[in-house]
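What follows is a set of notes on a single structure, which appears directly below.
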Amino acid sequence: MNLTSDYLEFIADGLANQDYAIVDHFLPMEEVNDILKVFALHQDSDRFKRAGIGKDDNLQYDRSIRGDYIKWIDPNDALLPVQKFLDRINHLKDYLNRTCFLGIKDYETHFTIYPPGSFYKRHLDQFKNDGARKISFICYLNTQWQPGDGGELRLYLDKEIRDIAPTAGKLACFRSEIIEHEVLLSMKDRFSLTGWMLNLPLGLEFMVDR
Ligand code: OGA
Ligand code: NI
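According to our numbering, the sequence shown is numbered sequentially starting from 2.
What follows is the structure, given as structure tokens:
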């Protein structure tokens, strides 16, 4: 698939017809490597935190449900490689609003690391008390990934289960309210940028608990 021109339509079609889309080469390898350098910077300064389950007062940490570490991205303070990625997502958001009438107002994104031995059990990306998440997107950054390394994204579709290898440059996106999914046990460090397109503006909340 052509990197720049065709993938927008491919994603819009996928979301409209089957509630998900997978683009193998969403990011060129130079951009993947530049983003991995930003990961290394943040890892050195220990900015990653355990990811929780639920929100606000319901926030819990349970390693038997999810074992990833995250760092939220403040778009106003992102380094250039990350800014470039957010520009691509913004472009996708505008396209989806024009073609699919999704009414996306904003998006939120974090850096994600699944260390060896971690996973995220089957779930939906919606909080019980907050339906703002419309489209989930994950961009994978694992340049050396091979079968056996684990960490596949498992999608529970109507008629089948589909496993997606988390290989570098790939973008997976799906309707947050509809597609149940999980992250299979990862044997290696597994890197990604994970985000959600929201039908509400992020507002001040973003700055408070991140
Ligand atoms: C999530 C999630 C999937 C993945 O963060 O909610 O399901 O492949 N991530 O990282
Ligand atoms: Ni999820």
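In this text, a Cβ means the ideal position worked out from N, Cα and C, and glycines have one as well.
For residue 187, which beta-bridge partners are listed by DSSP? 151
Taking residue 23 as the reference, give the member of 86, 167, 47, 184 with the closest Cα. 167
So, for residue 200: in the same chain, excluding its five sequence neighbours on each side, which residues have a beta-carbon less than 7 Å away from its beta-carbon? 104, 105, 106, 133, 135
N- and C-terminal bounds of the beta strand (DSSP E) containing residue 54: Run containing residue 54: none; DSSP gives neither H nor E here.
Three or more C-beta pairs under 8 Å: does that hold for the stretch 107-124 against the stretch 70-85? yes
Cβ of residue 121 within 8 Å of any heavy atom in the ligand NI? yes
For residue 83, collect the residues of the same chain with a Cβ closer than 7 Å to its Cβ; drop the 5 residues on either side in sequence, then sort them by chain order. 36, 39, 74
Beta-carbon within less than 8 Å of residue 2's beta-carbon, same chain only, minus the 5 sequence neighbours each way: which residues are those? Low local confidence applies: a pLDDT of 45 at residue 2 is under 50, so the model's placement there is unreliable, with the coordinate-based value given in what follows. Answer for residue 2: 8, 11, 24, 25, 26, listed in chain order.
DSSP three-state label for residue 173, please. strand
Inter-residue Cα distance where the pair is residue 177 and residue 188: 26 Å
What residue does the alpha helix (DSSP H) around residue 89 start on, and which one ends it? 81-101
Looking at residue 62 and the ligand OGA, is the gap between the Cβ and the nearest heavy atom below 8 Å? no
Given a threshold of 16 other Cβ atoms within 10 Å of its Cβ, counted over all protein chains shown, does residue 171 qualify as buried or as exposed? buried
Tell me the DSSP secondary structure of residue 15 in three-state form. helix
Do residue 180 and residue 121 have their C-beta atoms within less than 9 Å of each other? no
Taking the straight line between their C-alpha atoms, what separation do you get for residue 123 and residue 94? 26 Å
Taking residue 31 as the reference, give the member of 186, 175, 142, 161 with the closest Cα. 142
Minimum C-alpha distance to residue 43 - residue among 80, 197, 119: 80
Quick check: what's the CA-CA separation for residue 86 versus residue 78? 13 Å
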